[in-house]
Amino acid sequence: MGESREHLIRIKPHVVQRALIYDGIRNFFHQNNFLEVDTPVRVPVLIPERYILPVSSNGWFLSTSPEIYMKQFIAAGYGNIFQLCHCFRKGEKGENHQPEFTMLEWYRTNAGYEQIITDTEQLLFFLTKELQVSPAINYCGNKIDLTPPWPRITIREAFVKSAGWDPFVNPDYERFDIDLMEKVVPCFTPNQPTVLLDYPAALASLSRIKPECAQVAERAEIFIGGLEIANIYSELTDATEQRQRFQLELEYLKATGMDNMHMPEEFLKAIAHLPECGGIALGIDRLVMLLCNAKSINDVIAFPN
Amino acid sequence: MDIGDVSRNAKLMINGAPHNVENVNFVKPGKGRAIYHVKVRNLTNGNLSEITYHSGDKVDETNITANDMQYLYQENDSYIFMDSKSFEQYSFNEEQIGDKKYFLKEGMPVTVLLWENSPIDLNLPKAVEMKVVESETSTKTETITAQSKTAVLETGYTVGVPSFIKPGDIIRIDTRNGAYVERVTKD
């Protein structure tokens, strides 16, 4: 107990800053007419994703992401929504990972990933004003200017430039993850956020395929100071295609011994009613790390695991 | 065991040798495979290395403990040690003990690594004090302070020493490289 008291005393400025960031986020979304919603933490079924492992809870699961419920709001006609919530992912523990972490998700109707990227630029710039700090933040020895617009680079350009191969020509997705973290991200400009976009269709997950290019998914990720901050989609609204993608994930999960994962039928029913929309999942703890100049995720969480 | 369950100080068998996990650095794209940079120390030779694992990789956990023991005595080609807590005795043969036999003195505290309750390695104190039993008389002037002659110690170990060392002196030896460090007492 002595240790956690010392930790709480040491990180108090970060806990205070986190509270101000939450206020700023709510101000931003209220000003933009987004509705704050709340979804369950303990859930009977999850979106099947091969590399996201759930924590079990008495036959159910702890939520790995609120997306499965957020999209049901959208499909029921709620319009633009946002949520701050806790998510749980088994085995994720490191400098930038905690098995329980905080996620910000928002969804905007009649929008695609480009609009959500713009929202993200606006939100972070707005937060620096709310916190009364310069938009050029200091993080781990680098000055990072959050002023929009942020540079964009496609997956193809980034991989050809930094890893020396084109994932659209050589679809090696195991090497993709490793090279992304070890070769591509370290080459991003240290003084600005980077928007990495246009993923190979096989890595579309829940995003839609570009109407004019079947190879490319309308998916983007935002990296700041080497940290993966957010994942953005033009949301897939085709329930049949979504079911086929989930089937592949479920087969992979079953083959690796995860036989308690099932097809999220309620979610797929909702997808049939989903209007055109874009959405994002943004890691709040990492955002707090950036805005507090904290090197480890444990330094911004009051009771780390 | 799954690589995801490995934490600091886990003991793993890697390429036939027991290793201690010194540090695990976890890296993962949100939707992608986890990458584990695992720093391990080989428990038989102390060497550090880094190994990269990915989601789903399996590793061999092994039951290795480091026990405080005392060196008791040599009997034929067996070297007998006693666990300071359980008082159980363990023996190393000539081959296992290797050159470390030259640095053992009765009653010396050591750390013995037990794998599945069998001794596999021995960690000596960093330095030991040994008596010189034989040393050629230096004919050169005593101003030469480099290890200019050899001395034989009570355990039969031969080491280069400065010319001023004489039989009966106690000297300190670095057990990591076997080199002379300093004279402790003069005869």
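Here the protein sequences line up with chains A and B, keeping their order.
Position 234 of the first sequence, counted from 1, bears residue number 234 in the numbering used here, the numbering being contiguous throughout.
In the numbering used here, each residue carries its 1-based index in the second sequence increased by 1000.
Just so it is clear, CB atoms sit at the ideal spot from N, CA and C, and this is done for glycine as well.
Which of the three DSSP states is assigned to residue 51/A in this structure?
Residue state, collapsed to three classes: coil.
Contiguous alpha helix (DSSP H) assignments of at least 4 residues, all confined to the region 10–38 of chain A
Unbroken alpha helix (DSSP H) stretches of 4 residues or longer found wholly inside the region 10–38 of chain A: 12–31, given in chain order.
Quick check on this structure: which residue in 1151/B, 1167/B, 1182/B has the alpha carbon closest to the alpha carbon of residue 1160/B?
When 1151/B, 1167/B, 1182/B are compared, the shortest CA-CA separation from residue 1160/B is found for 1151/B.
Using a C-beta cutoff of 8 Å, does residue 177/A count as contacting chain B?
Closer than 8 Å to some Cβ of chain B, the Cβ of residue 177/A qualifies, so yes.
Note the first and the last residue of the continuous beta strand (DSSP E) segment covering residue 221/A.
Residues 216–224.
On the three-state DSSP scale, how would you describe residue 117/A?
For residue 117/A, the three-state secondary structure derived from DSSP is helix.
Take residue 1137/B as the anchor and find which of 1128/B, 1149/B, 1130/B, 1063/B has the nearest alpha-carbon.
Cα-wise, what sits closest to residue 1137/B is 1149/B.
Rounding to the nearest angstrom, what Cα-Cα distance links residue 1183/B and residue 141/A in this structure?
Taken atom to atom, the span from the alpha-carbon of residue 1183/B to that of residue 141/A is near 49 Å.
Straight-line CA distance for residue 229/A to residue 252/A?
Whole-angstrom Cα-Cα distance: 27 Å.
Chain B residues whose Cβ lies nearer than 7 Å to that of residue 174/A:
For the C-beta of residue 174/A, the chain B residues within less than 7 Å are, from N- to C-terminus, 1033.
Of the residues 44/A, 298/A, 123/A, which one's Cα is nearest the Cα of residue 31/A?
With distances taken between Cα atoms, residue 31/A lies closest to 123/A.
So, at 7 Å on beta carbons, what are the nonlocal neighbours of residue 298/A in its own chain, with the 5 sequence-adjacent residues on each side left out?
Closer than 7 Å at Cβ, skipping near neighbours: 304.
Residue 136/A - partner residues in DSSP beta bridges:
In the DSSP assignment, residue 136/A is bridged to 145/A.
Counting only C-beta atoms, is residue 1009/B closer than 8 Å to chain A at any point?
The beta carbon of residue 1009/B does not come within 8 Å of any beta carbon belonging to chain A, so the residue lies off that interface.
Under 8 Å by Cβ, that's how I've got residue 1062/B and residue 1011/B pegged, so tell me the actual separation to the nearest angstrom.
Yes, residue 1062/B and residue 1011/B are in contact; Cβ-Cβ is about 5 Å, under 8 Å.
Taking any Cβ of chain A, which residues in the region 1021–1048 of chain B have a Cβ under 8 Å from it, in chain order?
The region 1021–1048 of chain B vs chain A, Cβ under 8 Å: 1024, 1025, 1026, 1027, 1028, 1029, 1030, 1031, 1032, 1033, 1034, 1035.
Reducing DSSP to helix, strand and coil, say where residue 1/A ends up.
Any reading at residue 1/A needs caution, since the residue's pLDDT is 48, under 50, leaving its predicted position unreliable; the model's value is listed next. Coil, per DSSP.
Using a C-beta to C-beta distance shorter than 7 Å, which residues of chain B count as neighbours of residue 191/A?
Neighbours of residue 191/A on chain B: none; closest Cβ ~22 Å, over 7 Å.
Going by DSSP, what residue range makes up the beta strand (DSSP E) through residue 230/A?
For residue 230/A, the enclosing beta strand (DSSP E) stretches over residues 227–234.
Interface partners of residue 1056/B on chain A, CB under 7 Å:
The CB of residue 1056/B comes closer than 7 Å to the CB of 256 in chain A, given here in chain order.
To the nearest angstrom, how far is it from the Cα of residue 10/A to the Cα of residue 296/A?
Distance between the alpha carbons of residue 10/A and residue 296/A is about 13 Å.
Is it buried or exposed, residue 1188/B, if we count other Cβ atoms within 10 angstroms and call 16 or more buried?
Residue 1188/B lies beyond the range of chain B shown here (1001 to 1187); nothing can be said about it.
Throw me the rounded Cβ distance for the residue 1084/B and residue 1069/B pair, which I believe falls under 8 Å.
With a contact defined as Cβ atoms closer than 8 Å, residue 1084/B and residue 1069/B qualify at about 6 Å.
Could you name the residues of chain B that residue 107/A contacts, counting a contact when the two beta carbons are closer than 9 Å?
Near residue 107/A there are no residues of chain B at all, since even the closest Cβ is about 17 Å away, more than 9 Å.
Roughly how many angstroms separate the alpha carbons of residue 1/A and residue 127/A, rounded to a whole number?
Confidence is the limiting factor: at residue 1/A the pLDDT is only 48, short of 50, which leaves the residue's position unreliable, though a coordinate-based value still follows. Take the alpha-carbon of residue 1/A and the one of residue 127/A: they are about 34 Å apart.
Which class does residue 94/A belong to by DSSP, given the choice of helix, strand or coil?
Correct three-state label for residue 94/A: strand.
Distance between beta carbons of residue 109/A and residue 74/A, contact taken as under 8 Å:
For a cut-off of 8 Å, the C-beta gap from residue 74/A to residue 109/A is around 7 Å, short enough to register as a contact.
Where the beta strand (DSSP E) through residue 1121/B begins and ends:
Its beta strand (DSSP E) spans residues 1118–1123.
With distances taken Cα to Cα, identify the nearest neighbour of residue 1029/B among 22/A, 45/A, 51/A.
Of the residues 22/A, 45/A, 51/A, the one whose Cα lies closest to the Cα of residue 1029/B is 51/A.
Would you say residue 1004/B reaches chain A, if we count a Cβ-Cβ gap shorter than 8 Å as a contact?
It does; some Cβ of chain A falls within 8 Å.
Pairs of beta-carbons, one from the region 165–173 of chain A and one from the region 132–146 of chain A, closer than 8 Å: are there three or more?
In short, these stretches do not touch, since the Cβ pair count stays below three.
Those runs of the beta strand (DSSP E) which lie wholly inside the region 1058–1122 of chain B and span at least 3 residues:
Segments of the beta strand (DSSP E) lying fully in the region 1058–1122 of chain B: 1064–1075, 1078–1083, 1089–1093, 1109–1115.
Quickly, what does DSSP pair residue 200/A with across the bridge? List them, please.
BP columns for residue 200/A point to 216/A.
Cα separation between residue 1112/B and residue 1169/B?
When rounded, the distance between both Cα atoms is 30 Å.
Between the region 96–113 of chain A and the region 66–80 of chain A, are three or more C-beta pairs nearer than 8 Å?
Yes, the region 96–113 of chain A is in contact with the region 66–80 of chain A.
To be precise: take each residue of the region 34–62 of chain A, compare its Cβ to all Cβ atoms of chain B, and keep it if any distance is under 9 Å. Which residues remain?
So the close ones are 49, 50, 51, 52, 53.
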